[in-house]
Structure formats: C-alpha cells, structure tokens
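Q:
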Amino acid sequence: MKKVILVSTGLLIAALLVWIGLGAQSARQHTDQERLQCALPKEGARAPHPGMVWVPGGTFEMGDKENPEELPLRTTTVVGVWMDRTEVTNDSFAEFVKATGYITGAERPVDLKSHPGLPADMQQAGAVVFFMPNDLKAGGQVTQWWRYTPGANWRHPGGPDTSIENRGNFPVVTLTFEDAQAYARWKGHSLPTEAQWEWAARAGQKLAGQDHTQPQQANTWQGLFPVLNSADDGFVGLAPVGCYAPNALGLFDMIGNVWELTADRYTANHAEPTTTEQIHPKTSPLAQRVIKGGSFLCAPNYCMRYRSGARQPQEDDLGASHLGFRTVLSSPPP
Ligand SMILES: [Ca+2]
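Position in the sequence shown (first residue = 1) + 1444 = our numbering.
1. Quick check: is any heavy atom of ligand 1 less than 6 Å from the C-beta of Asn1745?
2. Between the beta-carbon of Phe1574 and the beta-carbon of Leu1705, is there less than 7 Å?
3. Taking C-alpha atoms, which residue in Ser1634, His1633, Gly1495 and Pro1684 lies nearest to Arg1611?
4. Ligand 1 and Asp1677: does the residue's C-beta get closer than 6 Å to at least one heavy atom of that ligand?
5. My parser needs the alpha helix (DSSP H) runs of 4 or more residues fully inside the segment 1472 to 1548; what are they?
6. Along the chain, where does the alpha helix (DSSP H) containing Gln1625 start, and where does it finish?
7. Using a threshold of 7 Å, state whether the C-beta atoms of Trp1641 and Lys1509 are closer than that.
8. Using alpha carbons as the reference points, say which of Pro1512, Pro1500, Trp1498 and Glu1505 lies closest to Ala1712.
9. Apply the 10 Å Cβ neighbour rule to Gly1768 and answer buried if 16 or more other Cβ atoms are within range, or exposed otherwise.
10. Taking just the CA atoms, how far does Val1572 sit from Tyr1592?
11. Does any heavy atom of ligand 1 sit closer than 6 Å to the C-beta of Asn1597?
12. Over what stretch of residues does the beta strand (DSSP E) that includes Ala1571 continue unbroken?
13. For Pro1636, is the classification buried or exposed, using 16 other Cβ atoms within 10 angstroms of its Cβ as the cut-off for buried?
14. Under 6 Å from any heavy atom of ligand 1, does the C-beta of Phe1740 make it?
15. Starting from the C-beta of Asp1623, find all residues in its chain whose C-beta is less than 6 Å away, skip the five residues before and the five after it, and write them out in chain order.
16. Name the DSSP bridge partner or partners of Lys1736?
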C-alpha cells in the first residue's frame, strides 16, 4: 500500500480559474524578515504545571456541518484537564531527544513490509514537505505542492538543506504519531483526545459552527492557495508559537500554524467515539489519527479547516511539514 498524502480537497478548480485570470502572478516566496520568536505572557509563580493551562470540563456540541466527516453533531462531555498552552516546540522536543536518544520515524528506515511497492524516493527515510509551486498545472493534484522528501525530519523540516537553527520556538514538525506519543509519555502526559482538543479550542463555546470565519488571530493562508500567499498575518510559513492572541483559556495557536495530532483513531464521521482500536488494529499500516486545527496552509479557497469542529485523517507513520502536536495532563484542577 502506497503512503497516501492526505490533504483536504477544496475549491481548487475555482482557484485555478481565478489564478489564471490574475495572469499567473509569481508566487510570493519566503523572506528573511520573518520573526523567530514571539513573547509569551509570564505564568503565575505558583503555576502547578509550567507551560500548561487548566481546561475546565464541560458538555458541548461536538463537530460541524461543513464536511461529512464532521457530522453528526454529537453532545459530548469531557472532564477538566491540563493542556500545553502552546504547540510543542523544537527546543522542547530537543530536550526529550537529548535525554532519551530517541530517533524519530522520519529518521528511521522505511518499513517496506508495511508499504510494499513504494517508489524509490519514498523508500528512503523522510517526510512530506509543502513546496509552493511555481507552475500550477490543471487537475489539482496535491503532488504539485506536497512532496515526499528524503532527509526531511524534525531537525531538517523542509528537507536536508534546511535546519531548525534559531527556530527553537517554532512548533516541531514531521513527527509520526509514535514520536508524539513517546514525547508525551516522557513528560508524563498524553495526547489529547479529539473531544478534549475540540472543547479546549472552543474555550467554553458550547454550540457548534460558531467559528466559520477565517480567524485573524491565527497563522493561516491569505490569498489563493497554493500560489498566492499575501501573508497578511505576518507569516508565509510556520510561525513561532504564541504570536497571536490566545483563546479565552489562554491556549495559543489552537487554530492554524500546524495541525495537531490527537489520540483518537480516525473514522469517517464521529457518530461513535473514535478511540476504538478494533477499527484500525495497531499493526495496520492504514492506521490513521484525527488531526485538528488546520495549519498555515488553510485558506478560504482550500482546506478551510481553521474551525474547531474540522477534522482530518493522518497516517500514523507519516510525518508532514504542517503537522505538530501538544499534550495534556490529567491532574487536579488549580
Ligand atoms: Ca500565514
């Protein structure tokens, strides 16, 4: 089974027509003026779990109505939990690697038994990386902007010629589910369930569908994906954590910047709780997790997953340059 690059489909044909109408302007490229750090507010001296905020429990209408996988709306109750106030950063993940010697999935040999018949480049260790296309062909194949890139991993998130130097405060990316879980366990934490994540992103808003407008306080994509990125939010690509106002619970970047892994197995909808191991046995190369929040690549003409109720599948053993995570901790409230 080939590894499948999972990117949401969208209004690409419409995008192409507009793009052609604009005279195929050249895509804006990265600049050297990007911010490398954003100031996070200080925590209280007695914060029991540094870097985490308390998410009170509650009952809410989980899901959304924009896409079939977000249905049905389901009344869901979650208990209170501590949650990382930011996405896990390169610096934090480096501490884990230094302490444990952990080697991430993108740095290990590809499991060819689980993925027979892969093309040669995909038989090498690596991850999926977004590249802004200079020449967009009709058809909308995602391979025009997503490439499996040998040598891409958390230390080289854009490929072997890139690095995380001076990017310690950026979210760590290109990890697999196993990598994220290993980090969480090392911290004594876990990955949030989809319901925990969604309720935390809502910050007390119990009704679904209240956050459909492209958010201003988030790193998303302004312009015509994937060819025009005006970066009105200040970032063409990833942003350091904490550059935008937090939500009402004090959580930063729940929406945008990077998609975030959850503990839940992905199912085509969430009519039933999704943590059922029977749906995708652990040994299956097809196992997928729910990811939440959208990324810096979500635009009004494509993806539009910058909503708390949006969800996507992500293969367990494939890292990507728009995918990160944060952790939760079950511990008494403050
Ligand atoms: Ca942006």
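Quick reminder that beta carbons are idealized off the backbone N, C-alpha and C, glycines included.
Keep in mind that this is a model prediction, so the values were computed, not measured.
A: According to the structure data:
1. no
2. no
3. Pro1684
4. yes
5. 1534 to 1544
6. Phe1621 to Trp1630
7. no
8. Pro1512
9. buried
10. 4 Å
11. no
12. Gly1570 to Phe1574
13. buried
14. yes
15. Thr1548 and Gly1549
16. Glu1704
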